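**Q**
There are 2 protein chains.
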Amino acid sequence: MKLYNFEMAPNARRVRVFVAEKGLDIPMQDVDLGSRAQLNDDYMATNPMAEVPSLELDDGTIITESTAICRYLEEVFPDPPLMGRNPLEKAQVMMWDRRVEQHGFAAVAEGFRNLNPFFENRALTGPVDYEQIPALGERGKARFPQFLDMLEKRLAESEFIAGDRYSIADITALVTIDFSRTIKGEIGDRSHVQRWNEAVSSRESAQA
Amino acid sequence: MKLYNFEMAPNARRVRVFVAEKGLDIPMQDVDLGSRAQLNDDYMATNPMAEVPSLELDDGTIITESTAICRYLEEVFPDPPLMGRNPLEKAQVMMWDRRVEQHGFAAVAEGFRNLNPFFENRALTGPVDYEQIPALGERGKARFPQFLDMLEKRLAESEFIAGDRYSIADITALVTIDFSRTIKGEIGDRSHVQRWNEAVSSRESAQA
Chain A
29 MKLYNFEMAP
39 NARRVRVFVA
49 EKGLDIPMQD
59 VDLGSRAQLN
69 DDYMATNPMA
79 EVPSLELDDG
89 TIITESTAIC
99 RYLEEVFPDP
109 PLMGRNPLEK
119 AQVMMWDRRV
129 EQHGFAAVAE
139 GFRNLNPFFE
149 NRALTGPVDY
159 EQIPALGERG
169 KARFPQFLDM
179 LEKRLAESEF
189 IAGDRYSIAD
199 ITALVTIDFS
209 RTIKGEIGDR
219 SHVQRWNEAV
229 SSRESAQA
Chain B
29 MKLYNFEMAP
39 NARRVRVFVA
49 EKGLDIPMQD
59 VDLGSRAQLN
69 DDYMATNPMA
79 EVPSLELDDG
89 TIITESTAIC
99 RYLEEVFPDP
109 PLMGRNPLEK
119 AQVMMWDRRV
129 EQHGFAAVAE
139 GFRNLNPFFE
149 NRALTGPVDY
159 EQIPALGERG
169 KARFPQFLDM
179 LEKRLAESEF
189 IAGDRYSIAD
199 ITALVTIDFS
209 RTIKGEIGDR
219 SHVQRWNEAV
229 SSRESAQA
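Residue numbers (our numbering), protein chains in the order written: chain A, 29 to 236; chain B, 29 to 236.
(1) Could you compute how far the alpha carbon of A/Pro115 sits from the alpha carbon of A/Gly88?
(2) Nearest by alpha-carbon distance to B/Tyr194: which of B/Lys118, B/Thr74, B/Met77, B/Gln57 is it?
(3) Would A/Ile189 pass as an interface residue toward chain B - the criterion being a Cβ-Cβ separation below 8 Å?
(4) Name, please, each residue of chain B whose Cβ falls closer than 8 Å to the Cβ of A/Ala96.
(5) If distances are taken between C-alpha atoms only, which option among A/Glu159, A/Val128, A/Asn149 comes closest to A/Asp177?
(6) Buried or exposed: which applies to B/Arg223, given that a residue is buried once 16 or more other Cβ atoms fall within 10 Å of its Cβ?
(7) Within 8 Å, do at least three Cβ pairs link the region 160-171 of chain A to the region 64-79 of chain A?
(8) For the beta strand (DSSP E) holding B/Thr92, just list the boundary residues, first then last.
(9) List, in chain order, every chain B residue whose beta-carbon is nearer than 8 Å to that of A/Tyr100.
(10) Drop a sphere of 10 angstroms on the beta-carbon of B/Pro55, count the other beta-carbons inside from all chains shown, and report buried for 16 or more, exposed for fewer.
(11) Listed in chain order, which residues of the region 160-193 of chain A have Cβ atoms closer than 7 Å to some Cβ of chain B?
(12) Looking only at its own chain, which residues have a Cβ that is under 7 Å from the Cβ of A/Phe140, when we skip the five neighbours before and after it?
(13) In chain order, what residues of the same chain have a beta carbon less than 6 Å from the beta carbon of B/Glu238, not counting five sequence neighbours either side?
(14) Report the option in B/Thr153, B/Gly154, B/Gln130, B/Lys50 whose CA atom is closest to the CA atom of B/Met111.
(15) Tell me, please, which residues DSSP counts as bridged to A/Asp58.
(16) I want to see whether chain A comes within less than 8 Å of B/Val59, judged by CB atoms only; does it?
(17) Determine the closest residue to B/Ala201 out of B/Tyr32, B/Ala170, B/Met36, B/Val45, with distance taken between C-alpha atoms.
(18) With a 10 Å radius around its C-beta and 16 neighbouring C-beta atoms as the bar for buried, classify A/Gly132 as buried or exposed.
(19) Taking C-alpha atoms, which residue in B/Val47, B/Ala48, B/Glu187, B/Arg64 lies nearest to B/Asn149?
(20) Where do the N-terminal and C-terminal ends of the beta strand (DSSP E) with B/Glu84 fall, by residue?
(21) Taking DSSP as the reference, what is the three-state secondary structure of B/Ala151?
(22) Taking only runs of the alpha helix (DSSP H) that begin and end inside the region 100-161 of chain B, which ones reach a length of at least 4 residues, in chain order?
(23) If you measure from the beta carbon of A/Met77 to each beta carbon in chain B, is any gap under 8 Å?
(24) Take every Cβ of the region 213-221 of chain A, pair it with every Cβ of the region 178-188 of chain A, and state whether three or more of those distances are shorter than 8 Å.
(25) So, with DSSP's three-state summary, where would you put B/Tyr71?
(26) My understanding is that B/Val228 touches B/Ala234, with C-beta atoms under 8 Å, so please give their C-beta distance in whole angstroms.
(27) B/Glu103 touches chain A at which residues, Cβ-Cβ below 7 Å?
(28) Taking 8 Å as the threshold (beta carbon to beta carbon), is B/Ile196 in contact with chain A?
(29) Applying a beta-carbon distance threshold of less than 8 Å, which residues of chain B neighbour A/Thr89?
(30) So, is A/Arg126 buried or exposed, given that buried needs 16 or more other C-beta atoms within 10 angstroms?
(31) Could you give the DSSP three-state label for B/Ala236: helix, strand or coil?
(32) Rounded to the nearest angstrom, what separates A/Ile97 and B/Gln160 at their Cα positions?
(33) Taking 8 Å as the cut-off, decide whether the C-beta atoms of B/Leu183 and B/Val221 are in contact.
(34) For A/Thr92, which residues in chain B fall below 7 Å Cβ to Cβ?
(35) Between the alpha carbons of B/Phe172 and A/Gln57, how many angstroms are there, rounded?
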């Protein structure tokens with residue numbers, strides 16, 4: 029296996045943290061998004077969506093989409109379980125992972141990509157150029173505190189986001205909160221989010 | 029079990045088609061999004077995200093997010109499999125389902141919710157009101173043909189979207205294409221998408 033990676037790409041970090049929690053050692057090859065190497069013909073031949081990360085299996089099969097890569101790794105390397113151990117847990121982990129992704133990760137990404145001059149004309153990932161929409165960037169920034177409020181309420185009643193065990197939903201939320209530096213996001217005085225953030229950030233996997 | 033449903037909500041239809049393909053008979057209770065019943069205290073008490081569909085289990089547990097509901101049903105009622113039969117299939121089904129969702133479903137939803145007067149001040153689902161962003165609506169409309177081109181390329185090499193078997197990715201794409209009427213989307217002369225669309229639309233589940 030080989031993971032196509034870029035250090036600063038938050039979706040790549042989701043997979044790296046997942047791999048670290050599994051205790052796996054997967055070779056990585058960097059795709060320099062800074063110089064837009066994901067749009068090179070060589071990379072597009074393996075991944076026409078021009079997105080990072082992607083996982084290449086030993087037979088050359090490519091899996092893209094960070095949660096699909098994680099799903100594959102969860103099936104092949106089930107311990108420790110990071111996506112639930114029974115039908116209800118599996119559904120609840122997925123539910124929370126998607127809530128974090130839609131209300132948190134997507135909001136930060138919309139803020140960052142629509143307001144930062146680096147992404148001029150590149151407001152979406154992928155092979156097609158799209159103009160930035162400043163109003164969408166501002167909406168992303170406005171949504172982020174709502175996301176933190178959702179987390180605060182949840183973490184007041186639960187040790188981890190999807191329940192009493194660390195899961196992929198915690199990984200997505202950790203990456204989202206670190207990614208929110210790009211839009212000057214702050215946890216503020218949300219004490220449950222603070223408690224949780226210290227716990228997940230101090231795991232060795234958070235360095236990945 | 030009970031499914032909170034709204035006939036015209038595309039995410040609810042994804043679950044209804046999935047349930048029909050499984051041959052299940054799950055009681056449904058309508059939540060009238062037309063009169064914004066999802067924002068009532070009663071419904072918000074069960075689902076603070078104020079989204080439809082949600083699945084209530086017999087012990088009162090609520091699962092939201094359409095793909096998380098499908099994941100639960102897939103685990104409890106594995107036949108016929110709609111989310112893959114082995115690790116690679118499971119990952120590939122998820123990869124394609126997400127591609128369809130991000131590049132197709134989301135584009136149509138952005139177009140519809142940001143351009144239709146009914147959604148004035150309600151450009152996002154959920155309890156918080158957000159203004160429409162017309163430029164985002166236009167971008168959604170512009171992205172839809174790109175999504176169809178992706179499907180056309182894929183369906184030139186594959187009978188169904190995730191491979192040689194019908195899966196949840198076909199359900200998401202079917203619902204997306206029907207939903208695209210709201211932005212005047214058209215398959216046009218994409219012959220592989222036409223062939224596939226006729227096949228999946230003629231399944232009994234498409235009536236759900």
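Don't be surprised by glycine CBs; every beta carbon is placed ideally from N, CA and C.
Here the structure is a predicted model, which means the values were calculated and not measured.
**A** The relevant details are as follows:
(1) 31 Å
(2) B/Lys118
(3) no
(4) Ala119, Gln120, Met122, Met123, Arg126
(5) A/Val128
(6) exposed
(7) no
(8) 90-92
(9) Pro115, Leu116, Lys118, Ala119
(10) exposed
(11) Ile161, Ala163, Leu164, Arg167, Gln174
(12) Thr210, Ile211
(13) Any property of residue 238 of chain B remains undetermined from this structure, which presents chain B solely from 29 to 236.
(14) B/Lys50
(15) A/Asn33
(16) no
(17) B/Val45
(18) buried
(19) B/Arg64
(20) 82-84
(21) coil
(22) 115-128, 134-143
(23) yes
(24) yes
(25) helix
(26) 6 Å
(27) Pro115, Lys118
(28) no
(29) Leu116
(30) buried
(31) coil
(32) 34 Å
(33) yes
(34) Met123
(35) 32 Å
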